[in-house]
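Please read the structure below before turning to the comments.
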Amino acid sequence: MWPPSREVAGHDQEDLVPMKTASHRHTTLRRATGALAALAATGLAAGAATSAPAVAAPTWAPADQATITPGTQMYTDGAQCTSNFVFTDAAANVYLGYAAHCAGMGAATDTNGCLNDSVPLGTEVTFRKGGSLISSGTELGSGELAYSSWRTMRDIGTTDENACAYNDFALVKVDAADVSKVNPSIPFWGGPTGIDTDGTAAGDRVYSYGNSSLRAGLEPLSPKTGISLGDSAGDEGWSHPLYTVTPGVPGDSGSAFVSEDGEAIGTLSTLGLAPLPASNNIGDLERELAFAQQHSGIAGLELALGTEPFSPLL
């Protein structure tokens, strides 16, 4: 197993920095680091129970016309991060995922999601394109914070060290007026084709997409590919270190990472400083999503698969 990656409650692990930028709320790098039961609506008519009518699935925008997708810039109270995957629920609501620390309210050196507060659920988040250090870019739509692993773990008193350290996942419910702009396919690559359930091995190829405001909106830098360093030891599969050709930088927080077959592996959380300088660390989506399904109160929460086939060719 790869060497441990950070120090949490006595475990030897590396120095990490969260990957968020901000235009006014935070100006420094951040240091980070069961399924929900289905709800069946029933009614009584003439003494007989009847099921509620089925809810139609969302209708996605064509992939070549969609403006809200994985890799979209997300601004929360001035802080900029990047969307990872698209999710839906039993009521056909649509969500964009990003990193929980993007909605955090603590100091720049906070690391433990179980101890740090977040902005309230319901806080507005805007979706943008072309944001840079001198402009917040073009607004594409908006939504509201519907779930934060950091806020939830604090509220329910989570004590699992690995969850506290690596469960860095949040959901923004897309405004109904903007759902027609959404497609779940990852730009450039396509997919996701499902959720990875067996982790990564050293040398596995990984793929991502996103554009931090620190890159001045240069679209050619959005597609990224890299190599997994293998699953981290001692964290029960919660974290996966990796290197990409152009390393993730602040503002890339939350970005999606998929495997060689297009399966969703995880979400970008931190920049590694030691012992793997300039590496990135992603939280395991299977575990992050399972935690959200159990504790978010969002019925039927699931990953939306891409409408476009995965094509890992540059």
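Numbering (the numbering used here), first residue to last: 5 to 318. The beta carbon of each residue, even a glycine, is placed where N, CA and C say it ideally should be.
Could you give the C-beta distance for residue i and residue j, rounded to a whole number, given that I count them as a contact under 8 Å?
i, j, result
"residue 86", "residue 200", "Not really, about 19 Å apart at Cβ, beyond 8 Å."
"residue 62", "residue 96", "5 Å"
"residue 155", "residue 79", "So it is not a contact: roughly 18 Å between Cβ atoms."
"residue 148", "residue 123", "Not quite, the Cβ-Cβ distance comes to about 10 Å (not below 8 Å), so this is no contact."
"residue 172", "residue 117", "6 Å"
"residue 314", "residue 193", "6 Å"
"residue 288", "residue 242", "5 Å"
"residue 209", "residue 128", "Going by Cβ atoms, the distance from residue 209 to residue 128 rounds to 37 Å, so no, they are not a contact pair."
"residue 151", "residue 302", "6 Å"
"residue 153", "residue 292", "7 Å"
Looking at the secondary structure, which residues open and close the beta strand (DSSP E) in which residue i lies?
i, result
"residue 288", "283-288"
"residue 131", "128-133"
"residue 106", "No beta strand (DSSP E) holds residue 106; DSSP gives it neither H nor E."
"residue 85", "83-86"
"residue 260", "260-262"
"residue 125", "Residue 125 -> no beta strand (DSSP E), and no H or E assigned at all."
"residue 77", "77-80"
"residue 243", "243-248"
"residue 91", "90-92"
From this set, the options, which residue's C-alpha is nearest residue i's C-alpha?
i, options, result
"residue 316", "252, 228, 272 and 118", "228"
"residue 89", "174, 80 and 165", "174"
"residue 304", "182, 106 and 98", "98"
"residue 119", "170, 299, 287 and 238", "170"
"residue 326", "309, 158 and 59", "The question about residue 326 has no answer, for the chain in this structure spans 5 to 318."
"residue 238", "167, 302 and 122", "167"
"residue 206", "129, 141, 233 and 213", "233"
"residue 204", "262, 94 and 140", "262"
"residue 211", "217, 292, 284 and 130", "284"
"residue 84", "253, 121 and 68", "253"
"residue 217", "81, 140 and 163", "140"
"residue 110", "121, 102 and 100", "121"
"residue 274", "101, 93 and 105", "105"
"residue 130", "213, 76 and 136", "76"
"residue 300", "251, 160 and 64", "160"
"residue 307", "251, 190, 224 and 222", "190"
"residue 226", "312, 259, 125 and 146", "259"
"residue 137", "144, 163, 292 and 215", "215"
"residue 219", "165, 251 and 195", "251"
"residue 195", "291, 107, 64 and 311", "311"
"residue 223", "135, 126 and 290", "135"
"residue 60", "68, 164 and 93", "93"
"residue 81", "108, 235, 145 and 64", "108"
"residue 164", "68, 240 and 235", "240"
"residue 145", "68, 100, 213 and 235", "100"
Which first and last residues belong to the alpha helix (DSSP H) in which residue i is found?
i, result
"residue 157", "153-160"
Using beta carbons (cut-off 7 Å, strictly below), is residue i in contact with chain B?
i, result
"residue 95", "Absent from the structure: chain B. Only one protein chain is present."
Below 8 Å, can you find three or more Cβ-Cβ pairs linking the stretch 186-203 to the stretch 259-275? yes
Are three or more beta carbon pairs between the stretch 179-197 and the stretch 70-82 nearer than 8 Å? yes
Unbroken beta strand (DSSP E) runs of length 3 or more, entirely within the stretch 170-226: which are they? 174-178 and 209-213
If contact is defined by three or more beta carbon pairs under 8 Å, each pair taking one atom from either stretch, is the stretch 290-300 in contact with the stretch 246-264? no
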